[in-house]
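Novice: Quick one: this structure, given as structure tokens, is what I'll be asking you about.
Number of protein chains: 2
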Amino acid sequence: MSLSPKIENFVLHCGEMGSRWGFNRTIGQMVALLVIHEQPLTANEIAESLKISRGNVSMGIKELQSWQLVKVTHIPGDRKEYYAPNGSIWDLANRVFEERRKREVDPTLTLLRDQILEGGNSPEEEYANNQIQTIHDLLETITKWSAELQRLSPEQLQTLMKLGSSVSKVIDLKDKLLKKS
Amino acid sequence: MSLSPKIENFVLHCGEMGSRWGFNRTIGQMVALLVIHEQPLTANEIAESLKISRGNVSMGIKELQSWQLVKVTHIPGDRKEYYAPNGSIWDLANRVFEERRKREVDPTLTLLRDQILEGGNSPEEEYANNQIQTIHDLLETITKWSAELQRLSPEQLQTLMKLGSSVSKVIDLKDKLLKKS
DNA sequence: TTAAAGTTTCAATAATTACTGAAACTTTAG
DNA sequence: CTAAAGTTTCAGTAATTATTGAAACTTTAA
């Protein structure tokens, strides 16, 4: 399976970006390949298209499954496994976002909680405790907010996103409503 | 300069998380150290506290400056440079967020725009073009939205964040208002 | 000026992370 | 049951990324 120049371009770019998105080059390329192809692909097709080893594909699939980004399908009368993106583009983006929050925010939140409980002993640590509390509160807000977004339906999210520059107006509106009641 | 166990814990943790936040261990530790200390620190103090080389500190500072996370200060009668966080915790988080968007989203947006302009030649590429368009639209929405958030004042952001579960109510409200007018 | 204090650069090297490919394992058709 | 088809694992190695430390550079006080 060789790729058209345009598709190859796209796949290579996603490979380069891969490490910035939280995985590695190979895995970036794999997601791109699966997303850009309407039909599911076999592990061998992936290896051949990307010119990487079969073992590497296997490890990549495993990693992608841990991110819940791929699903396995089968074609009747064919025992090979076929891989496809697990949901719409939007679903995939959502999962990456969520997974990254888990890896980038949650462990810190846990540590900070513990440190806050410890309290400040020496007076020299007063400032440090304050800073830790501030960071904690910020991260907790981000966590709650992102959980909130996850709960919205795609349509609601679209609406929210499209609010654009009127976000601040909505906030003002909310304020006024709260004051009245 | 040696660190108290609690502060050392915090600094080491931020080091481990560093690579997940978009920089490396040393830089993660440096930010943590600067944030946790009320007084600005010299490059030598940083090197000594973190037990890393002077050169490494210099490169780290440079990187942190490219992220706009540190500022240089001077103490009258002392020619050494003192480093401190460039703004509040909130400011720093904001900058990291923004910088990451630039590195993680913008390059892809540029590529996709070009690819969309190229158009689809072979009928086999129809599907690919559709996917590319979808990804493009998603990324553009994210970009616009995040620019929007940047424009809000810290207070407005606080309000927005604290809306929490009432976000969907606000959206509904907006819908109703739009229909009336 | 100049030399002492301070900072940066970068080639060499260490540490980490990713990839290969062959062997081991699993599944299924016959 | 068995052998062919398919998949996974992982030790060895390649590629990448981070760090050191010594030399070069810059700044300033005297």
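These protein sequence lines map, in sequence, to chains L and G. Note that UniProt numbering numbers the first sequence so that position 19 is 19, with each residue one more than the last. Note that UniProt numbering numbers the second sequence so that position 104 is 104, with each residue one more than the last. Quick reminder that beta carbons are idealized off the backbone N, C-alpha and C, glycines included.
Mapping DSSP to helix, strand and coil, what is L41(L)?
Specialist: If DSSP states are grouped into helix, strand and coil, L41(L) belongs with the strands.
Novice: Can you round the beta-carbon distance between L111(L) and H13(G) to whole angstroms, since I take them to be within the 8 Å contact cut?
Specialist: Sure, about 5 Å apart at Cβ, within 8 Å.
Novice: Which residues in chain L have a C-beta closer than 7 Å to the C-beta of S2(G)? List them in chain order.
Specialist: Those within 7 Å of S2(G) in chain L number zero; the least Cβ separation is about 12 Å.
Novice: Where in the region 59-89 of chain G do unbroken runs of the beta strand (DSSP E), each at least 3 residues long, occur, reported from the N-terminal end onward?
Specialist: 70-73 and 82-85
Novice: Using a Cβ-Cβ distance cut-off of 9 Å, determine whether M30(L) contacts chain G.
Specialist: no
Novice: If you compare alpha carbons, which of W90(L), W67(L) and D106(L) is closest to T134(G)?
Specialist: W90(L)
Novice: For M17(L), which three-state DSSP category applies?
Specialist: helix
Novice: Please name the residue, chosen from Q68(G), H74(G) and Y82(G), that lies closest to I46(G) on a Cα-to-Cα basis.
Specialist: The shortest C-alpha separation from I46(G) is found at Y82(G).
Novice: Tell me the DSSP secondary structure of V105(G) in three-state form.
Specialist: coil
Novice: Taking only the alpha-carbon atoms, compute the straight-line gap between A147(L) and G18(L) and give it to the nearest angstrom.
Specialist: If you draw a straight line from the Cα of A147(L) to the Cα of G18(L), it comes to about 24 Å.
Novice: Over what stretch of residues does the alpha helix (DSSP H) that includes N129(L) continue unbroken?
Specialist: E126 to R151
Novice: Would a check of beta-carbon distances place L64(L) closer than 9 Å to chain G?
Specialist: no
Novice: Answer with yes or no whether the minimum CB distance from N86(G) to chain L is below 9 Å.
Specialist: no
Novice: Can you pull the chain L residues whose beta carbon is under 9 Å from the beta carbon of W67(G), in chain order?
Specialist: Within chain L, no residue comes near W67(G); the closest Cβ sits about 14 Å away, beyond 9 Å.
Novice: What distance in whole Å lies between the Cβ atoms of R25(L) and A43(L), which are believed to be in contact at a cut-off of 8 Å?
Specialist: Going by Cβ atoms, the distance from A43(L) to R25(L) rounds to 18 Å, so no, they are not a contact pair.
Novice: If contacts are defined as beta-carbon pairs under 8 Å, then L34(G) and A93(G) qualify, I think. What distance do you get, rounded to the angstrom?
Specialist: In fact, because the Cβ distance is near 14 Å, the residues do not count as touching under 8 Å.
Novice: Take V11(G) as the anchor and find which of F23(G), E155(G), V31(G) and R95(G) has the nearest alpha-carbon.
Specialist: For the options F23(G), E155(G), V31(G) and R95(G), the alpha carbon positioned closest to that of V11(G) is the one of V31(G).
Novice: Quick one: which residues of the region 7-28 of chain L get their C-beta closer than 9 Å to a C-beta of chain G? List them in chain order.
Specialist: I7, N9, F10, H13, C14, E16, M17, R20, W21 and G22
Novice: Expressed to the nearest angstrom, what Euclidean distance is found between the alpha-carbon atoms of M1(G) and Q29(G)?
Specialist: CA-CA distance, M1(G) to Q29(G), rounds to 15 Å.
Novice: Closer than 6 Å by C-beta to P40(L): which residues in its own chain qualify, once you throw out the five before and the five after it? Chain order, please.
Specialist: T73, Y82, Y83 and A84
Novice: When the Cα atoms are used, what is the spatial distance from L50(G) to I36(G)?
Specialist: 13 Å
Novice: Beta-carbon of K144(L) versus every beta-carbon of chain G: anything under 9 Å?
Specialist: At least one chain G Cβ lies under 9 Å of K144(L).
Novice: Cα-Cα, which of I142(G), L160(G), M59(G) and P123(G) is closest to S4(L)?
Specialist: P123(G)
Novice: Mind pulling the chain L residues with CB within less than 8 Å of S122(G)?
Specialist: S4
Novice: Against chain G, does V35(L) count as a neighbour if the rule is that its beta carbon must be under 9 Å from one of theirs?
Specialist: So, interface residue.
Novice: In chain order, what residues of the same chain have a beta carbon less than 7 Å from the beta carbon of R100(G), not counting five sequence neighbours either side?
Specialist: G22
Novice: Grab me the residues of V105(L)'s own chain with a C-beta within less than 8 Å of its C-beta, minus the 5 sequence neighbours each way, in chain order.
Specialist: L139, I142 and T143
Novice: Buried or exposed, going by whether 16 or more other CB atoms sit within 10 Å of the CB of I75(G)?
Specialist: When all chains shown are included, I75(G) counts as exposed.
Novice: Listing by chain order, which chain G residues have their CB less than 7 Å from the CB of T134(L)?
Specialist: I89
Novice: Just to confirm the assignment, what range does the alpha helix (DSSP H) spanning M30(G) have?
Specialist: Element bounds for M30(G): R25 to I36.
Novice: Reducing DSSP to helix, strand and coil, say where M1(L) ends up.
Specialist: Note: M1(L) maps to coil in three-state DSSP.
Novice: Taking 9 Å as the threshold (beta carbon to beta carbon), is Q115(L) in contact with chain G?
Specialist: yes
Novice: Leaving out five residues before and five after L109(G) in sequence, what residues of the same chain have Cβ atoms less than 6 Å from its Cβ?
Specialist: L139
Novice: Buried or exposed, going by whether 16 or more other CB atoms sit within 10 Å of the CB of residue 184(G)?
Specialist: Missing from the structure shown is residue 184(G); chain G here goes from 1 to 181 and no further.
Novice: For Q68(L), which residues of its own chain have a beta-carbon under 8 Å away from its beta-carbon, when the five flanking residues on both sides are left out?
Specialist: N86, R95 and E99
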